[in-house]
Each structure stands twice: as C-alpha cells, then as structure tokens.
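One structure is given here, and the rest of the page talks about it.
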Amino acid sequence: VTTDVNNGCTQFHTGTSAAAPLVAGILALLLEANPELTWRDVQHLIIWTSEVAPLEDNYGWYENGFGFMVSHDFGFGMINAFALITEARTWKNVPLSSVCVVPVEVG
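Per UniProt numbering, the sequence shown runs over residues 1 to 107.
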C-alpha cells in the first residue's frame with residue numbers, strides 16, 4: 001500500500017511511478033548488452049524498436065517527418081525490451097553529431 005493522489009492510498013503501482021523504474025531497468029539491460037552505446041544510440045534504438053500497435057486505437061497518432069508514428073501522449077509507443085536488446089547487440093553507433101556555426105555581425 002502506498003500514497004496516491006488526493007491523500008488516498010492504493011495497492012497498485014501504475015502510471016509514471018511504475019513506468020520510470022521499469023524503463024530504467026530495461027535501459028540497464030540494454031547497456032549491459034552493448035556498453036558502447038551512447039545516449040544518442042539509446043534514443044535511436046528506442047524509436048526503432050518501440051511498438052505502436054498496442055496503442056494505435058488511441059487518438060492523436062501521426063506520422064512524423066522521418067516516417068515514424070508518434071503521439072503527444074505516448075511518444076513513439078510502448079518500449080519493447082526484447083526487440084531493444086536484440087537490436088543493440090549488433091547496433092552500429094550513430095555518427096558523431098555536427099555543429100554548424102554561422103558568424104553574424106550585429107550592430
């Protein structure tokens with residue numbers, strides 16, 4: 001039993017209180033499977049392996065500029081631990097990011 005909204009109690013562990021530690025554990029397994037992953041690789045892997053199907057009946061899904069289905073409520077979908085770790089084992093790291101600077105005189 002734990003506290004809940006409006007000074008109540010609950011015997012369930014749901015919502016972001018449950019999601020955050022679950023995903024943290026999955027990402028720990030991911031980094032154990034491939035310790036060479038960068039934070040950018042982790043982002044790419046999550047996007048590539050997340051599943052929309054279990055959530056697609058919810059309103060608000062749209063295709064972004066890269067062809068991925070995305071939702072303001074559900075992001076890229078449900079994390080798939082098996083697919084994520086399987087893909088990570090043979091993942092080639094994304095290239096380093098580039099920074100472009102254009103000098104501008106003001107005044």
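All residues carry an ideal CB built from backbone N, CA and C; glycine is no exception. Predicted model, so just to flag it, every value in this text is computed and none were measured.
- Take the alpha-carbon of R89 and the one of L29: they are about 11 Å apart.
- Residue V42 holds the alpha-carbon nearest to the alpha-carbon of V94 among V42, I26, G8, M78.
- About 5 Å separates the beta carbons of F76 and I47, which is inside the 8 Å limit, making them a contact pair.
- Here the C-alpha atom of V99 lies approximately 37 Å from the C-alpha atom of A18.
- In this structure S50 is buried. Its beta-carbon is surrounded by 16 or more other beta-carbon atoms within 10 angstroms.
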